[in-house]
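Data block below; observations after.
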Amino acid sequence: MPPARIDLPGCSLIEDASLAERNTLRVAARCAWFAELHDASVLPALLARPALHELPLLVLGAGSNVLFTADWPGLVVHPRDERIEWLGESDGYAHVRAGAGANWDHFVRWTLAHELMGLENLVQIPGTVGAAPIQNIGAYGAEVATCIEHVEAWDRHARCWTRMDAVDCRFGYRDSCFKQAPDRWIIRAVHFVLPRVAPLQIEYAGIREELAAMRVDAPRAVHVAEAVARLRARKLPDPTQIGNAGSFFKNPEMDPAQAASLQARLPELPAWPADHGRVKLSAAWLIERAGCKGLRQGDAGISARHALVLVNHGHASGAELWALAQQVREAVHALTGIWLEPEPRILP
Ligand SMILES: Cc1cc2nc3c(=O)[nH]c(=O)nc-3n(C[C@H](O)[C@H](O)[C@H](O)COP(=O)(O)OP(=O)(O)OC[C@H]3O[C@@H](n4cnc5c(N)ncnc54)[C@H](O)[C@@H]3O)c2cc1C
2 MPPARIDLPG CSLIEDASLA ERNTLRVAAR CAWFAELHDA SVLPALLARP ALHELPLLVL
62 GAGSNVLFTA DWPGLVVHPR DERIEWLGES DGYAHVRAGA GANWDHFVRW TLAHELMGLE
122 NLVQIPGTVG AAPIQNIGAY GAEVATCIEH VEAWDRHARC WTRMDAVDCR FGYRDSCFKQ
182 APDRWIIRAV HFVLPRVAPL QIEYAGIREE LAAMRVDAPR AVHVAEAVAR LRARKLPDPT
242 QIGNAGSFFK NPEMDPAQAA SLQARLPELP AWPADHGRVK LSAAWLIERA GCKGLRQGDA
302 GISARHALVL VNHGHASGAE LWALAQQVRE AVHALTGIWL EPEPRILP
């Protein structure tokens with residue numbers, strides 16, 4: 002019997018749905034109900050439905066930053082509004098609203114086509130616009146927080162639509178109020194403020210060298226995006242080829258005295274300044290030094306190309322992937338006393 006499907010205005014509901022094609026680690030999880038939300042305004046009515054209102058709720062974008070260690074016992078809401086709206090321009094800044102369901106990379110390329118700056122270093126990050134604020138996505142020296150004006154979200158505690166200004170989102174390194182309270186907000190759209198002219202960030206991790214290899218002497222945002230896209234394609238495993246969720250561990254941060262004492266023991270350990278006078282250490286280096294790069298158990302593995310990336314070589318279950326991740330954490334802890342923190346959300 003095919004799963005039951007109920008078509009409601011603005012939303013399709015599927016009972017007992019597979020999530021295997023809906024997470025980039027390709028874990029064969031299922032959920033009790035899956036809702037494709039085409040029109041966010043029907044969300045309050047959907048959540049109030051008798052069959053659904055007491056179930057645990059998960060918002061799922063492209064599933065590129067989650068690990069299902071088991072089936073999801075409740076409702077999964079999948080935002081589908083992909084609209085990008087030009088709201089106006091003043092004082093050299095454009096104001097743009099993007100629906101939560103828009104593909105992130107498509108949106109970045111849309112801003113570049115409109116000669117807007119600010120998101121060029123964040124090209125080619127998998128996922129949706131609605132998920133970008135959750136962990137304040139960042140790459141190649143940039144973070145999305147600098148370009149967010151406000152976020153439109155359903156507040157499940159107050160049961161109302163709310164506008165969260167950037168300052169209220171409490172953005173930090175791979176962090177925000179949304180990540181801290183994952184059961185509270187459902188984002189339906191993000192408002193961006195994007196400059197026409199801004200300094201390019203090209204000092205980070207090989208961008209300048211890549212631009213030189215591209216023979217670009219006077220780079221513009223599109224060139225930086227192209228350089229970042231080339232670097233990413235070389236460095237990161239492609240989820241369409243092998244299941245992964247990008248960097249699985251966050252770089253640990255600590256106070257300078259702690260970092261210095263670790264570096265006295267491990268002199269080659271890369272470190273760089275973080276916010277609030279703290280020091281960030283390379284998790285990839287620590288994992289490699291702990292002997293875990295390329296580690297494999299069954300189909301669960303740590304990439305041999307990039308020590309931060311947990312990979313599914315075929316049919317690993319979420320529990321098997323999580324067990325391997327725990328093993329890596331324990332190896333790094335034994336070496337350094339540091340417990341690495343996972344970057345993706347571990348579910349349920
Ligand atoms: C190959 C690869 C490379 C990556 N590179 C980077 C990188 O360079 N930088 C980086 O920061 N991340 C990176 N990631 C992680 C991932 O792409 C981002 O975190 C992305 O924003 C996740 O988007 P998503 O739509 O897939 O979110 P999902 O995985 O579907 O969800 C992630 C979290 O956000 C929540 N969420 C999603 N949508 C909403 C919404 N509308 N409202 C409320 N909550 C929501 C979910 O409940 C979950 O907690 C990478 C992942 C992969 C696979």
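Quick note: the sequence shown uses this note's numbering, first residue 2, plus one each step. Beta carbons: idealized from backbone N, C-alpha and C, even for Gly.
Under 9 Å between the Cβ atoms of residue i and residue j?
| i | j | result |
| --- | --- | --- |
| Lys251 | Arg306 | no |
| Leu56 | Pro74 | yes |
| Arg98 | Ala190 | yes |
| Glu150 | Phe108 | no |
| Asp276 | Tyr205 | no |
| Ala146 | Ser177 | yes |
| Pro257 | Pro127 | no |
| Gly299 | Ala317 | yes |
| Ile138 | Glu144 | yes |
| Ala14 | Leu58 | Checking the sequence, you will find Leu at residue 14 rather than Ala. Contact: no. |
| Trp34 | Ala21 | no |
| Cys293 | Ala308 | yes |
| Ala301 | His314 | yes |
| Asp82 | Cys32 | no |
Quick check: does the Cβ of residue i come within less than 8 Å of any heavy atom belonging to ligand 1?
| i | result |
| --- | --- |
| Trp105 | yes |
| Lys294 | no |
| Ser262 | no |
| Gln242 | no |
| Gly247 | yes |
| Lys251 | no |
| Asp169 | no |
| Val60 | yes |
| Pro80 | yes |
| Phe193 | no |
| Thr147 | no |
| Ser91 | no |
| Phe179 | yes |
| Ala154 | yes |
| Ala13 | Note on identity: in this sequence residue 13 is Ser, with Ala being the wrong assignment. Ser13 Cβ: outside cutoff for every heavy atom of ligand 1. |
For residue i, which residues of its own chain have a beta-carbon under 6 Å away from its beta-carbon, when the five flanking residues on both sides are left out?
| i | result |
| --- | --- |
| Ser304 | Pro238, Val310 and Val312 |
| Arg346 | Val67 |
| Ala5 | Glu16 |
| Asp40 | Gly11 |
| Glu254 | Ala275, Arg279 and Lys281 |
If contacts are defined as beta-carbon pairs under 8 Å, then residue i and residue j qualify, I think. What distance do you get, rounded to the angstrom?
| i | j | result |
| --- | --- | --- |
| Leu322 | Val28 | 7 Å |
| Gly131 | Ala159 | With 8 Å as the limit, Gly131 and Ala159 do not qualify as a contact, their Cβ atoms being about 19 Å apart. |
| Asn122 | Ala103 | At roughly 19 Å, the Cβ-Cβ gap does not stay under 8 Å, so Asn122 and Ala103 are not in contact. |
| Trp155 | Ile187 | 4 Å |
| Leu26 | Pro80 | Not a contact, Cβ separation roughly 20 Å. |
Spatial neighbours of residue i within its chain, please: C-beta separation below 7 Å, excluding the five flanking residues on both sides.
| i | result |
| --- | --- |
| Val333 | Leu287, Ile288, Ala291, Ile339 and Leu341 |
Return the chain-ordered list of same chain residues with a C-beta closer than 8 Å to the C-beta of residue i, the five sequence neighbours on each side being excluded.
| i | result |
| --- | --- |
| His54 | Leu48 |
| Val198 | Gly93 and Met118 |
| Thr129 | Gly62, Ala63, Pro80, Ala101, Gly102, Ala103, Asn104 and Trp105 |
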